[in-house]
Amino acid sequence: MTKRFFVLLFPFVLALAGCNKGGNDANVIKVGEFASLTGSEASFGRSSHNGTLIAVDEINATGGLLGKKIELITEDDQSKDGESKTAVKKMISRDKVVAILGEVASGRSLEAAPICQQFKVPQISPSSTNPKVTQIGDYIFRVCFEDRFQGGAVLAKFALNSLKAKRIAILTDVSAAYSAGLTTYFKEQFIANGGQVVIEQKFTKDDKDFKAQLTAIKAQKPDAIFMPIYYGPATLIAIQARELGIKVPLFGGDGWEAPELIQGPGAAEALEGCYFSTHFAPDQEGSHAKEFVAKYEKRFGIKPDAMAALGYDSAMVLADAIKRANSTEGAKIRDALAATKDFEAVTGKMSLDAERNARKPAVIIQIKGGKFVYKETVNP
Amino acid sequence: MTEFFQQLINGLSLGAMYALLALGYTLVYGVLRFINFAHSDVFMVGAFAGLYVGRSFHNSSVGNGILIKLLSMLLCAVLGIIIERFAYRPLRQRSKLTVLITAIGVSLLLENAGQLVFGANPQAFPQVFPAQQFTKGDLIISSKDIVVLGVTITLVALLQFIVLKTKIGTAMRAVSFNAPAASLMGININIIISFTFGLGSALAAAAGILWGYKFPKIDPLMGIAPGLTAFVAAVLGGIGNIPGAALGGLLIGVIETFVRGSRWSTWTEAIAFVLLIAMLLFRPAGLLGKLQPEKV
Amino acid sequence: MFLSRPRTCLLVAIAISVVSGAIQHHIDPYFVDVLTSIGINITLAVSLNLINGYAGQFSLGHAGFMAVGAYTSAALTMFLGPKLFPSAAPTVVTMVWFLFALLAGGCVAALAGLFVGTPSLRLRGDYLAIVTLGFGQIIAVIFRNIEGLGGALGLNGIPANTNLFWVFGAAALTTYVVTTMVNSTYGRGFLATHDDEVAAQAMGIDTTRCKVIAFVVGAFFAGIAGGLYGHFTLTINPKGFDFTRSIEIVVMVIVGGMGNTTGVIIAATLLTLLPEGLRTLAGMDIPLPGREPLSLRWIGELRPLLYSILLISLMLLRPQGLFTWRSRRVKLKAT
């Protein structure tokens, strides 16, 4: 027994060995980033990371911030639950970053936010749209619109006015905070404006067979199907829907935004003529946008999508705040961020409101001829 | 009413793939009395084999489809035999639990190696057979469903033939009844066991290709959920019993589909296990199985 | 010899826990996290060891009990606590309520253990494994469907009550209870059941009862570990308590040696440190003179692979575990 308890001391000894190391490297400003570089939402992570990289390189090329260069520390959360937490904690306590950029998926932002709030490190999400994210605390910001706007003012109105769909079916991914939230806000506005939700069906992340849900939906004969989900399942569902003879339009939110959406056999045909709302279209107006698109295409060989643009914006907004605060102290950066007004971002002119969300327009994209085509802008 | 029949078709199509996968579990359990946890990952390897082979064929036609399928089945048969030879055979004398853990280890190994080699992101599966829809009133049957059901029926019939009418099949049955006695009769146990694994793995590969064909997005972790469900199907039908496994697979496929299309769709994952537990408690031999008395 | 002073050892361990709790703030937070994880994993592994190692029952659903404990205790501290003790509650009250929540979590988990154990323990080896796996999944699905507890999105904002005192205290207590139990009459019953169930029955031991008791006690401590986990990660969701998590705990028991508590403790520690060590290693860039620094990120990607290779090698070469040096013979069963 004695032996056993000495064994319990063993980890303790290791702890003492690890007491308070790590000082601050005085010549750089460390900024942490966590993203889904691999896994089911890898497209999001790679895009936003690329956008952030362009921003950081741009800033460093013009002398850096406050006379120092930015060092970007990136961690991959593998699109899995549970990883974001550890990654963010490590970046805050061991790497001593001054701010955290991330994430695209609302669920993972929600995971990291309590930690950033607890340690008073400002967090800027490039494109998490669930309202709960910034409600966690006053150190959490986002540079995109949120789902009360996307679900309500954008998608519900689009469904009623442009699609002329009064009877709608909704397919929700209950394992994603984003999906559950967007469903709720869409429903509120849609029903309030005279629409009718004829049936709601659910699924969870790893499901592959949706024919059961789609058959039930088909029996209700909706005018359109709303799919506020991520691009992975969206493709499969579209293909299976068409196989079942469902011909009505499908539409969704910014979770669809990824080239993989229309890749693979039958994907582009199944989604032909469908729509989704998002933050940015490479063929939209605005000089900052054009410059950014050109830079991105030159470096990565493809046109940037919304996540890339927002990744860029999140880094730029942070840099702007650090400049205005003239300091790398958490509290000062936070206050400067909260005061962001009329910032010329690639994704449009933006200000951060009292709830630390950005008031910005959304764009609707249509899938036509195997490509994403800009259709219209919706202003807040 | 149409909805009911449509769901039935959906369910049978899904169930057919579970049935194919369940056959592998039941074969191995019948002969070796052990649950091959790695079976679901051989299924995944089969799907990826189909992906890579399929990419080199540019048109999808029935002939090409069959060729791709046969190649992957062969590949996975070899994989299964290798796994048995190096991971399970050395442990044949050890306790069941040790082998079970090893099987879990092999499963994890395949999944992780898969993630490294194939990448963790889902990939698009090529259209290996041509696809089209057939309509009858409001009911739609996709050629995908027809292919799946057709292939499954063919393979199950083939399997039954092998097991019941060939010499090696008889040897397999002998080993499953009583291995030491079979070896006394001159049967080479190692070869029979290798053959069983090879056969089961080939069936897993077939199921994997069908799965990729129906749900064209595959990733290295795709086998975990179907694998568990298929195992439950095997137990449901009576573990060690081939028609039972097929029946179990179809049954679970249909039940799952109806539950998924209903209000209680979020409970779908639990259904298979509830059925399993109920079956084990009230009728451990399964639907078609015979109760084997435990020799003490 | 080692069993001579269990109570003293327990008191010493508790003293250490109190001290670590007090000096927690002076240690690097990342390290505190690693230590907390170690403590929780030790509790989990030792509790599973009672079921798997000593009583020889193969349970693959241990994470399910953890989930029950986590949700129960979180519900108590998040929902009931604020109602009974409206805000501005002094630390003592929070701590006492937390203790109550943890114990409640453990008890509900124990009940779940009873519920799962009683019907299943009639089954043999493989079947029992699958049934426990099934129950683990069912528990996860149940929690996924309870909207009041967050449903599929889980519970956020659990108060951060866990600290080193609780964690090491729980680990110490679990070890104490398991060790003293094994050396009691019950323990002899477990071992007899494990070695040869039929012979044990012939000796008049109620083997089913033994197995159920092992299950219930193991589940109780898993529930406590779950409560500690919830108040540590501040967010819990059903995904985090799935089959993969159960396997992680099983691996700790296997590596440590089934039925070997000391070994299991060491294994739990090492297996918790391993991914963190690899993460640090993977984040390092080795400076090469005159060239781009060598990135070691690929090590992080290899970690799960190494894990599985470790498991297989262990089973092939040393199934009694890495840390078994005492001579509790592992009975090799003939097929």
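Protein chains in written order, with numbering that gives the first Met the number 0: chain A, 0 to 379; chain B, 0 to 295; chain C, 0 to 334.
C-beta: ideal position from N, C-alpha, C; glycine also.
query: Terminal residues of the continuous beta strand (DSSP E) containing Tyr274 of chain A?; result: 274-277
query: Can you give me the C-alpha to C-alpha distance between Arg107 of chain A and Pro303 of chain A, rounded to a whole angstrom?; result: 23 Å
query: Measure the alpha-carbon distance for Ala66 of chain C versus Ile39 of chain C and round it to whole angstroms.; result: 13 Å
query: Mind checking which residues open and close the beta strand (DSSP E) that includes Gly105 of chain C?; result: Not the beta strand (DSSP E): Gly105 of chain C falls in the alpha helix (DSSP H), residues 90-119.
query: Contact criterion: CB-CB distance below 7 Å. Does Ser141 of chain B meet it with respect to chain A?; result: yes
query: My parser needs the beta strand (DSSP E) runs of 3 or more residues fully inside the segment 199-242 of chain A; what are they?; result: 223-225
query: Whose C-beta lies closer than 7 Å to the C-beta of Gly263 of chain A among residues of the same chain, with five residues either side of it excluded?; result: Thr234
query: Can you tell me the Cβ-Cβ gap for Val231 of chain B and Ile251 of chain B, rounded? I've got them flagged as a contact below 8 Å.; result: 6 Å
query: Examine chain A for any beta-carbon lying closer than 7 Å to the beta-carbon of Ser16 of chain C, and answer yes or no.; result: no
query: If we call anything under 7 Å between Cβ atoms a contact, is Val174 of chain B one with Ala181 of chain B?; result: yes
query: By Cβ distance below 8 Å, which residues in the same chain neighbour Met184 of chain B in space, the five residues on each side in sequence not counted?; result: Ala173
query: By DSSP, does Lys68 of chain A sit in helix, in strand, or in coil?; result: strand
query: Taking contact to mean 3 or more Cβ pairs, one atom from each stretch, closer than 8 Å, check whether the segment 258-266 of chain B and the segment 17-25 of chain B are in contact.; result: no
query: Output the distance between the C-alpha atoms of Ala262 of chain C and Ser245 of chain C, rounded to the nearest integer angstrom.; result: The residue you asked about is not Ala; residue 262 of chain C is Gly in the sequence shown. The alpha-carbon atoms of Gly262 of chain C and Ser245 of chain C are separated by roughly 19 Å.
query: What residue ranges within the segment 335-362 of chain A form continuous beta strand (DSSP E) runs of no fewer than 3 residues, ordered along the chain?; result: 342-344, 347-349
query: Would you kindly work out how many angstroms separate the C-alpha atoms of Ala112 of chain B and Ile137 of chain C, rounded to a whole number?; result: 29 Å
query: Kindly indicate if chain C contains any beta-carbon less than 7 Å away from that of Asn111 of chain B.; result: yes
query: Note down, in chain order, every chain B residue with its Cβ under 8 Å from the Cβ of Asn144 of chain C.; result: Thr265, Trp266
query: The beta strand (DSSP E) that contains Gln117 of chain A, what's its start and end?; result: Looking at the DSSP string, Gln117 of chain A is not in any beta strand (DSSP E); the run it does join, the alpha helix (DSSP H), is 105-117.
query: Can you find a CB in chain B that lies within less than 7 Å of the CB of Glu268 of chain A?; result: no
query: So, at 8 Å on beta carbons, what are the nonlocal neighbours of His287 of chain A in its own chain, with the 5 sequence-adjacent residues on each side left out?; result: Glu343, Ala344, Val345
query: Considering only C-alpha positions, which residue in the set A:Ala338, A:Ala335, A:Gly231 is nearest to Ala402 of chain A?; result: Nothing about residue 402 of chain A can be read from this structure; chain A reaches only from 0 to 379.
query: Contact defined as beta carbons within less than 8 Å: I believe Leu120 of chain C pairs with Thr184 of chain C. What is the distance between those atoms, to the nearest angstrom?; result: The pair is not a contact, with the Cβ atoms about 19 Å apart (cut-off 8 Å).
query: Assess contact between the segment 93-105 of chain A and the segment 171-178 of chain A, defined as three or more Cβ pairs (one per stretch) separated by less than 8 Å. Is contact present?; result: yes
query: So the beta strand (DSSP E) Gly251 of chain A belongs to, where does it begin and stop?; result: 249-251
query: Residues of chain C with CB under 7 Å from Leu96 of chain B, in chain order?; result: Phe57, Gly124
query: Does Leu315 of chain C come within less than 7 Å of chain B when only Cβ atoms are used?; result: yes
query: Beta carbon of Phe225 of chain A, beta carbon of Asn49 of chain A: below 7 Å?; result: no
query: Report, in whole angstroms, the separation of the C-beta atoms of Val252 of chain C and Asn51 of chain C, which I expect to be a contact under 8 Å.; result: 5 Å
query: Quick one: residues in its chain with C-beta nearer than 7 Å to the C-beta of Glu187 of chain A, no 5 flanking neighbours on either side, listed in chain order?; result: Gly151
query: Is DSSP giving Gly222 of chain B helix, strand or coil here?; result: coil
query: Could you tell me which residues DSSP puts in a beta bridge with Glu32 of chain A?; result: A:Thr73, A:Leu100
query: Rounding to the nearest angstrom, what Cα-Cα distance links Ala269 of chain B and Leu249 of chain B in this structure?; result: 17 Å
query: With a cut-off of 8 Å on the beta carbons, I'd call Leu78 of chain B and Leu154 of chain B a contact; round off their distance for me.; result: Incorrect: roughly 18 Å between the Cβ atoms, too far for contact.
query: Restricting to Cα atoms, I'd like to know which of C:Phe142, C:Phe84, C:Ala21 is closest to Phe240 of chain C.; result: C:Phe142
query: Measuring only between beta-carbons, confirm whether Lys89 of chain A sits less than 7 Å from chain C.; result: yes
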